[in-house]
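Working notes, structure below.
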Amino acid sequence: MAQRTEHNGRRRTDIKGPLIISAVLAVVAFVVVSVVAAGGTDNAARMGLGLIAAGIAFIASVVVCATLMLLEKPNAEELGQGTGVNRSSAKLYAENKARRQAEQARGEGSAATSSGTAGAAGAATNDEPQFGQRVRPDTKGEEPGSSAR
20 MAQRTEHNGR
30 RRTDIKGPLI
40 ISAVLAVVAF
50 VVVSVVAAGG
60 TDNAARMGLG
70 LIAAGIAFIA
80 SVVVCATLML
90 LEKPNAEELG
100 QGTGVNRSSA
110 KLYAENKARR
120 QAEQARGEGS
130 AATSSGTAGA
140 AGAATNDEPQ
150 FGQRVRPDTK
160 GEEPGSSAR
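Mapped onto the working numbering, the consecutive letters of the sequence shown carry residue numbers 20 to 168.
Structure (structure tokens):
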């Protein structure tokens, strides 16, 4: 649509192309509406309606071109490297899964050697709460309707 050029480290958008396209569409709208509103080429052209249609066509096409120019902004190369917010979720999932499996293997190894209960030993080695375990085991269940907070 519009050509972008580098200017002092900032991108500058060339707007000649969209303005020419908008002007051509405005002229076409002016001619078509002027002739059609008059009822053909035998009658006098309706200049007022033609100018209104040309103005609407020009403004609408400029707005559409400007919106498309704003949307066509490529991302910087460093954003695709997998750092910060743009990290790959598949890679994060694989890393977390490997870490959890390693922790479980260590927990099962130590639970098998200890003579205590296996469930308590597995939960005690992991700092994260397991499924069905309270996050804060020192708290008891509150009575319905009470506000303990």
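Ideal Cβ placement from N, Cα and C applies to all residues, glycine included.
Local Cβ density within 10 Å of residue i, reported as buried at 16 or more and exposed below that
i    : result
V47  : exposed
A63  : exposed
A45  : buried
S134 : Note that S134 scores a pLDDT of 46, beneath 50, so its modelled location is shaky; the value from the coordinates is reported in the next line. Exposed is the call here.
T136 : Bear in mind that a pLDDT of 49 at T136, under 50, signals an unreliable position, so the model cannot answer this.
P93  : exposed
Which listed residue (the options) has its alpha carbon closest to that of residue i
i   : options                 : result
I71 : S53, T86 and A63        : S53
L55 : P93, L44 and G69        : Correcting the residue type first, residue 55 is Val in the shown sequence and not Leu. If we check each option's Cα against that of V55, G69 comes out closest.
S80 : D61, Q120 and S41       : S41
F77 : A57, P37 and A109       : P37
K35 : V51, G59, R125 and A85  : A85
D33 : V83, K110, G126 and M88 : M88
Terminal residues of the alpha helix (DSSP H) in which residue i lies
i   : result
A73 : M66 to L90
P37 : K35 to A57
Pair within 8 Å by beta-carbon distance, residue i and residue j
i   : j   : result
A73 : R65 : no
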